[in-house]
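Residue numbers (the numbering used here): 214 to 493.
Listed below in structure tokens is the structure:
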């Protein structure tokens with residue numbers, strides 16, 4: 214996991230049509246896709262909207278020229294949390310249904326309801342679509358570009374500075390973690406080696422975590438002292454230069470936002486009373 218941290222910017226620094234778009238456009242588009250997907254009421258219409266949105270994501274991912282393996286690797290990080298969140302929903306009733314039909318009944322009064330399973334599937338679709346657009350944004354935009362885009366969108370500079378410091382210290386923590394694990398490897402210590410006593414492994418892992426915390430704290434103090442020597446203070450902010458949008462960025466933003474508005478509107482509510490038959 215820590216090793217993948219240092220390769221994070223390598224993927225977002227590649228060259229493609231999606232990578233070349235302005236970070237403000239991608240940030241607005243990603244937030245609009247999440248808001249549009251979340252705002253769709255809990256109904257079977259979510260299946261159609263989710264499928265169309267995921268096809269849009271696949272098209273954008275194809276134009277980004279990034280390997281699908283990277284998407285699945287990043288999806289696996291959050292998928293257990295999504296399944297755990299949605300999996301518990303099948304055992305409980307929710308306010309979106311008035312009648313419930315039992316599918317499976319277990320001892321101790323535990324039941325699985327058909328309506329709860331449907332609700333869990335809708336929730337899972339929303340989670341997958343929203344997280345996919347977040348992966349697309351993080352895979353095609355560098356962290357520095359995201360911070361500058363947030364600044365150009367008038368996000369408070371205090372928040373941007375805090376995020377920049379968090380990102381900086383994340384890599385510092387990763388470097389210290391690598392040094393600590395390398396020192397343990399040179400001493401032939403493997404926490405997953407079952408030949409070693411379990412208590413011995415736990416004690417040494419505790420020492421490692423304590424050493425990691427102390428080294429990170431000391432490195433943070435040294436970094437902060439060096440920042441003060443270079444004029445850092447409470448009024449210090451990240452300099453963000455002005456950058457106008459080109460015609461490609463404007464067209465992509467207009468077309469993308471129009472698509473994100475029209476598709477949920479017609480899938481959930483047809484103002485012209487026209488039955489739309491999707492091929493799926």
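By construction, the Cβ of each residue, glycine as well, lies at the ideal position given by its N, Cα and C atoms.
Where does the unbroken alpha helix (DSSP H) through residue i begin, and where does it stop?
{"i": "residue 262", "result": "258-277"}
{"i": "residue 367", "result": "Counting along the chain, residue 367 falls outside any alpha helix (DSSP H), and DSSP gives it neither H nor E."}
{"i": "residue 404", "result": "Looking at the DSSP string, residue 404 is not in any alpha helix (DSSP H), and its letter there is neither H nor E."}
{"i": "residue 458", "result": "First-last for residue 458: undefined, no H or E at that position."}
{"i": "residue 412", "result": "411-442"}
{"i": "residue 308", "result": "Premise fails: residue 308 is in no alpha helix (DSSP H) and is neither H nor E."}
{"i": "residue 253", "result": "That residue, residue 253, is in no alpha helix (DSSP H); it is neither H nor E in DSSP."}
{"i": "residue 296", "result": "281-300"}
Look at the Cβ atom of residue i, then the Cβ atom of residue j, and state whether they are nearer than 8 Å.
{"i": "residue 360", "j": "residue 377", "result": "yes"}
{"i": "residue 340", "j": "residue 270", "result": "no"}
{"i": "residue 388", "j": "residue 260", "result": "no"}
{"i": "residue 276", "j": "residue 351", "result": "no"}
{"i": "residue 460", "j": "residue 365", "result": "no"}
{"i": "residue 480", "j": "residue 245", "result": "no"}
According to the neighbour-count rule (16 or more other Cβ atoms, all chains shown, within 10 Å of its Cβ), is residue i buried or exposed?
{"i": "residue 419", "result": "exposed"}
{"i": "residue 296", "result": "exposed"}
{"i": "residue 225", "result": "buried"}
{"i": "residue 320", "result": "exposed"}
{"i": "residue 362", "result": "buried"}
{"i": "residue 227", "result": "exposed"}
{"i": "residue 490", "result": "At residue 490 the pLDDT is 41, less than 50, meaning the model places this residue with poor confidence; the figure from the coordinates comes in the next sentence. Exposed: under 16 other Cβ atoms inside 10 Å."}
{"i": "residue 465", "result": "buried"}
{"i": "residue 468", "result": "exposed"}
{"i": "residue 440", "result": "exposed"}
So is the beta-carbon of residue i under 7 Å away from any non-hydrogen atom of the ligand ATP?
{"i": "residue 230", "result": "Within the structure as shown, the ligand ATP is missing, as the structure has no ligands at all."}
Could you spell out the range, first to last residue, of the beta strand (DSSP E) harbouring residue i?
{"i": "residue 330", "result": "No beta strand (DSSP E) holds residue 330; the alpha helix (DSSP H) holding it covers 327-353."}
{"i": "residue 317", "result": "315-318"}
What whole-angstrom Cβ distance do residue i and residue j have, given they're in contact under 8 Å?
{"i": "residue 397", "j": "residue 348", "result": "About 32 Å separates the two Cβ atoms, so there is no contact after all."}
{"i": "residue 326", "j": "residue 316", "result": "6 Å"}
{"i": "residue 231", "j": "residue 353", "result": "5 Å"}
{"i": "residue 253", "j": "residue 265", "result": "Not confirmed; about 11 Å, so no contact."}
{"i": "residue 344", "j": "residue 291", "result": "6 Å"}
To the nearest angstrom, report how far apart residue i and residue j are at their CA atoms.
{"i": "residue 333", "j": "residue 303", "result": "6 Å"}
{"i": "residue 443", "j": "residue 435", "result": "13 Å"}
{"i": "residue 357", "j": "residue 323", "result": "50 Å"}
{"i": "residue 342", "j": "residue 242", "result": "13 Å"}
{"i": "residue 223", "j": "residue 355", "result": "9 Å"}
{"i": "residue 410", "j": "residue 394", "result": "19 Å"}
{"i": "residue 496", "j": "residue 300", "result": "One cannot answer for residue 496 here, as it falls past the ends of the chain, which runs 214 to 493."}
{"i": "residue 470", "j": "residue 278", "result": "22 Å"}
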